[in-house]
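Asks:
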Amino acid sequence: MPVPNCPRDPSGKNLKCPYQESNLYCSAIHKGIVQDCSNGDIAGGWVSCMDIDESCPINDYWINKDTVYVKDGCGGRIHLCYTRDAPNTEIRERTMECRHWNSSYKVCNVQDAQKVQSIEKIAQFPITPGSQCNKGIDFGIIEDSIWINNGCNGIYKVEYYTDKPASLSPTTLSSSPTTPVAVPTTKFPGGNMQKNLTTNTTPSSVWDFKTTRSTTTPSDPVTQPPSGTIWSDGLMGITVGVLCGVFLMFLLTCLAILWFVRRRRMLDREKKAKNTYQRDEPFVDDGRHYEEIHPRETAYEAQPFLTSPNGLPGQKP
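In structure tokens form, the structure reads like this:
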């Protein structure tokens, strides 16, 4: 998404940040991957602008408070302007709507905000049905404003530091006013909108921002490699899933082959046993005849030579 470019000196080598500057390296390894990067300098602070050494499309890198995002193979050395000093004002809470008529990047200003601390999605009515509207990717914070992208229209709860001084007791007020103080102009992406905060009578104790410079310079080595790991982009999970699927298919194939071979052997064994029985032990009528049982007299008349009990044939007992 469009982000403010950091101002540089006439040579174009050094940043001209109103507060602090830092460098880091961030890269999305291939298309379809979104990588978030941060370091110890900007953590907990607010990034106001960034430049990237590599040539990346304007929609492939953006800012969410203290985090830099890149996607679709974009990557390189990133130069940042930021501040970690929290404003000495009250934190307030507001529910506000941010919407755009299309799916492009949209910045919504938070009224009376000097720095936005947090954002939470309350209700969502995206242009594209089924959109998840993820924090940091589809909506987020840039200094004193919030932004949406990909048509993530919705209602958001915002916590912010007001641009008005905190309530002070009379003993803490300075007896003499300070000279006029002008807050550096912040340019927002997508237009010429800017915000100037000028006060003539604000005590110095209220607007006492400690302006410090980071020791990091553009010529220093890379501050920190990308904070994400290979697990964060889902590649390892996809690879493990594919390998598990291949292994499962191989196992099922082996089981099917073993079952088929075993079934084949059983059928061959049954067929062989059946053929052996029919060849070796055929049914043969051995001529066995069984007499009909008759009374003794009838049997003797029919066969007079039956053996008598005393062993002499033809005699009645």
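Residue numbers (my numbering): 570 to 886.
Heads up, the beta-carbon is just placed ideally off N, CA and C, and yes, glycines get one too.
Keeping to the same chain, check which residues put their C-beta closer than 7 angstroms to that of glutamine 683; ignore five residues upstream and five downstream.
Replies: Excluding residues within five positions, the ones whose Cβ falls inside 7 angstroms are Pro656, Thr658, Asp713, Tyr730, Thr731, Asp732.
Asks: Between the alpha carbons of cysteine 575 and glycine 806, how many angstroms are there, rounded?
Replies: Going by the C-alpha atoms only, they are around 37 angstroms apart.
Asks: Please look up how many angstroms separate the CB atoms of leucine 649 and serine 591, rounded, as I've assumed it's under 8 angstroms.
Replies: Between serine 591 and leucine 649 the Cβ distance is about 5 angstroms, and since that is below 8 angstroms, they are a contact.
Asks: Nearest to lysine 704 by CA position, among Glu623, Lys582, Met835, Gly723, is which residue?
Replies: That would be Gly723, whose Cα lies nearest to the Cα of lysine 704.
Asks: Based on the DSSP output, what are the partners of valine 555 in its beta bridges?
Replies: Outside the displayed range of the chain (570 to 886) lies residue 555, so it cannot be described from this structure.
Asks: Between Asn671, Gly613, Asp681, Pro734, which lies nearest to asparagine 719 when the distance is taken from Cα to Cα?
Replies: The shortest C-alpha separation from asparagine 719 is found at Asn671.
Asks: Any idea which residues DSSP pairs cysteine 625 with across the strands?
Replies: For cysteine 625, which the question treats as bridged, DSSP gives no partner whatsoever.
Asks: Tell me whether the segment 582–600 and the segment 626–642 touch, counting them as touching only if at least three CB pairs, one residue from each stretch, are closer than 8 angstroms.
Replies: At 8 angstroms Cβ cutoff, the stretches touch.
Asks: Under the three-state reduction of DSSP, which class applies to asparagine 678: helix, strand or coil?
Replies: Three-state DSSP puts asparagine 678 in a strand.
Asks: Please classify methionine 570: does DSSP put it in a helix, a strand, or coil?
Replies: Three-state DSSP puts methionine 570 in coil, outside helix and strand.
Asks: Take every Cβ of the segment 579–588, pair it with every Cβ of the segment 623–640, and state whether three or more of those distances are shorter than 8 angstroms.
Replies: No, they do not touch.
Asks: Please classify lysine 726: is it buried, with 16 or more other beta-carbons within 10 angstroms of its beta-carbon, or exposed?
Replies: Exposed: under 16 other Cβ atoms inside 10 Å.
Asks: In terms of alpha-carbon separation, which member of Lys582, Lys600, Trp631, Ser617 lies closest to cysteine 606?
Replies: The candidate whose alpha carbon is nearest that of cysteine 606 is Trp631.
Asks: In the DSSP assignment, what residue or residues form a beta bridge with aspartate 641?
Replies: For aspartate 641, which the question treats as bridged, DSSP gives no partner whatsoever.
Asks: Would you list the one or two residues that DSSP bridges to glycine 723?
Replies: In DSSP, glycine 723 forms a bridge with Cys667, Gln693.
Asks: So, for valine 809: in the same chain, excluding its five sequence neighbours on each side, which residues have a beta-carbon less than 6 angstroms away from its beta-carbon?
Replies: Closer than 6 angstroms at the Cβ level, and outside the excluded window around valine 809, lies no residue.
Asks: Among the candidates Asn678, Asn844, Trp716, Ile611, whose CA atom is the shortest distance from the CA of aspartate 654?
Replies: Comparing Cα positions, the closest option is Ile611.
Asks: Applying the criterion that 16 or more other CB atoms from any shown protein chain within 10 Å of the CB defines a buried residue, is methionine 619 buried or exposed?
Replies: It is buried - the Cβ of methionine 619 has at least 16 other Cβ atoms within 10 Å.
Asks: So isoleucine 715 and cysteine 677 are supposed to be a Cβ contact under 8 angstroms. How far apart are they, rounded?
Replies: Yes, isoleucine 715 and cysteine 677 are in contact; Cβ-Cβ is about 5 angstroms, under 8 angstroms.
Asks: For tyrosine 630, report the span of its beta strand (DSSP E) as first-last.
Replies: Tyrosine 630 -> beta strand (DSSP E) spans 630–633.
Asks: Could you pull the DSSP bridge partners for tyrosine 729 from this structure?
Replies: Paired residue(s): Arg661, Val685.
Asks: Whose C-alpha, out of Pro573, Glu728, Lys843, is nearest the C-alpha of lysine 690?
Replies: Nearest option by C-alpha distance: Glu728.
Asks: Please return the same chain residues whose Cβ sits closer than 7 angstroms to the Cβ of aspartate 629, not counting the five positions on each side in sequence.
Replies: Closer than 7 angstroms at the Cβ level, and outside the excluded window around aspartate 629, lie Val639, Lys640, Asp641, Cys643.
Asks: In three-state DSSP terms, what is glutamate 590?
Replies: Looking at glutamate 590 - three-state DSSP - the assignment turns out to be strand.
Asks: Got a sec, what are the start and stop residues for the beta strand (DSSP E) glutamine 604 sits in?
Replies: It spans 603–606 - the beta strand (DSSP E) in which glutamine 604 sits, taken as one unbroken run.
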